[in-house]
Amino acid sequence: MQLFLDTASIDEVRAAARYGVISGVTTNPSLLAKEGGVSYRQRIQEIAAVIDGPISAECISRTADELVAEARELASWHPNVVVKIPIDAEGLEAIHRCSREGIRVNVTLIFSANQALLAALAGAAYLSPFVGRLDDVGHDGMELVRQCVEIVETHGLKARVLAASLRHPLHVTQAALAGAHIATIPPSLLPQMLKHPLTDAGIERFLDDARKAGLLKA
Ligand SMILES: O=C[C@H](O)COP(=O)(O)O
Numbered sequence: 003m004q005l006f007l008d009t010a011s012i013d014e015v016r017a018a019a020r021y022g023v024i025s026g027v028t029t030n031p032s033l034l035a036k037e038g039g040v041s042y043r044q045r046i047q048e049i050a051a052v053i054d055g056p057i058s059a060e061c062i063s064r065t066a067d068e069l070v071a072e073a074r075e076l077a078s079w080h081p082n083v084v085v086k087i088p089i090d091a092e093g094l095e096a097i098h099r100c101s102r103e104g105i106r107v108n109v110t111l112i113f114s115a116n117q118a119l120l121a122a123l124a125g126a127a128y129l130s131p132f133v134g135r136l137d138d139v140g141h142d143g144m145e146l147v148r149q150c151v152e153i154v155e156t157h158g159l160k161a162r163v164l165a166a167s168l169r170h171p172l173h174v175t176q177a178a179l180a181g182a183h184i185a186t187i188p189p190s191l192l193p194q195m196l197k198h199p200l201t202d203a204g205i206e207r208f209l210d211d212a213r214k215a216g217l218l219k220a
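Under our numbering, the first residue of the sequence shown carries the number 3, and numbering increases by one thereafter.
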C-alpha cells in the first residue's frame, strides 16, 4: 500500500517528505480554503516539485462539458496532476471522456459500492471511498473500502482504491488490512502512526544501560 498526504499546505508536504513514505498528495477546495488565497495552480506546482508522484487537484464544475474543460486545464498544470471529479451523473460522463483523453481521474465522494463500480467502468484511475464521513453518519466506512477492493480485484478492473477521509491511525491500519492500494492521510496522522510510548521508554532504558556500560558519558 502507498500513503498519500491529504493537504494543500506546502509546509506540511515539505515536513512529511523527509520521511520518504509519502508517494502522492490529494487536495480539495476545503483544504485549499485554509491556505489564505494562494493560487491553486501555483500550489499544485509547488507540491509537485517536492513529491514525485500523483497530485490530485479537484474540479468544481457541475456539467460534464465544463468538467472536461476544467480537467484539461488542471491536467495542464503538471504531468503528475490527477483530476478529482465527484461521482454523479455529469461526473460519470466526464470521467469517461477524460479517461479516453488520457487524463487520469481520481473519483471523489464515493459512498457506495455501486458508485465505485460505475466509476471504475468509466475509466477512473483512482476510487476514493470516504471512510470517516460514512462513519460520521453511523455506517461502517471501512466496509466500503473492502467492497471496492473486492470489486476491483474480482473483475480485474484497473482502478486503484484510495481510502480517503481517514481520521485516526486505526483507519490507516484497517485500510491496509482491507487491501486499499493507497491511503490518503491528514498530516497529523503521521506522528500518531509513528509514536509509541513503549518505544520511547525502551530508548530511555537503552540509553541508561549504555551509560552504565560506559558507552555514554553519565
Ligand atoms: O480525503 C479526504 C478528504 O479530505 C475529506 O476528509 P474529511 O472527511 O475529513 O473532510
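All residues carry an ideal CB built from backbone N, CA and C; glycine is no exception.
Own chain partners of residue i with C-beta closer than 7 Å, once the 5 adjacent residues on each side are dropped
i: Glu-92; result: Arg-64, Thr-65, Ala-66 and Leu-69
i: Ala-115; result: Leu-146, Gln-149, Cys-150 and Ile-153
Nearest candidate by alpha-carbon position, reference residue i, set the options
i: Pro-171; options: His-183, Pro-189 and Pro-81; result: Pro-189
i: Ile-24; options: Val-163, Asp-137, Leu-192 and Val-83; result: Leu-192
i: Gly-22; options: Leu-164, Trp-79, Asp-90 and Leu-5; result: Leu-5
i: Gly-55; options: Leu-136, Ala-10, Thr-28 and Asp-138; result: Thr-28
i: Pro-81; options: Ile-87, Glu-95 and Gly-104; result: Gly-104
i: Tyr-42; options: Ser-58, Ile-53 and Val-52; result: Ser-58
i: Arg-20; options: Arg-45, Ser-32, Phe-208 and Val-52; result: Val-52
Continuous beta strand (DSSP E) stretch holding residue i: start and end
i: Tyr-128; result: 128-131
i: Gly-26; result: 24-28
i: Val-139; result: Note, Val-139: premise wrong, no beta strand (DSSP E); not H, not E.
i: Val-70; result: Taken as a continuous stretch (DSSP letters only), Val-70 belongs to no beta strand (DSSP E), being part of the alpha helix (DSSP H) at 66-77.
i: Val-107; result: 107-112
Contact set for residue i: own chain, Cβ-Cβ below 6 Å, skip 5 residues either direction
i: Gln-176; result: Met-144
i: Glu-72; result: Cys-61 and Ser-63
i: Arg-74; result: none
i: Ala-161; result: Ala-122, Ala-126, Leu-129 and Val-154
Own chain residues within Cβ distance below 8 Å of residue i, not counting five before or after
i: Ala-17; result: Pro-189
i: Leu-123; result: Leu-159
Contact under 9 Å by Cβ, residue i with residue j
i: Gln-117; j: Val-109; result: yes
i: Val-133; j: Arg-99; result: no
Residues that residue i bridges to, as DSSP identifies them
i: Ile-187; result: Leu-7
i: Glu-60; result: Lys-86
Enclosing alpha helix (DSSP H) for residue i [first to last residue]
i: Ile-97; result: 91-103
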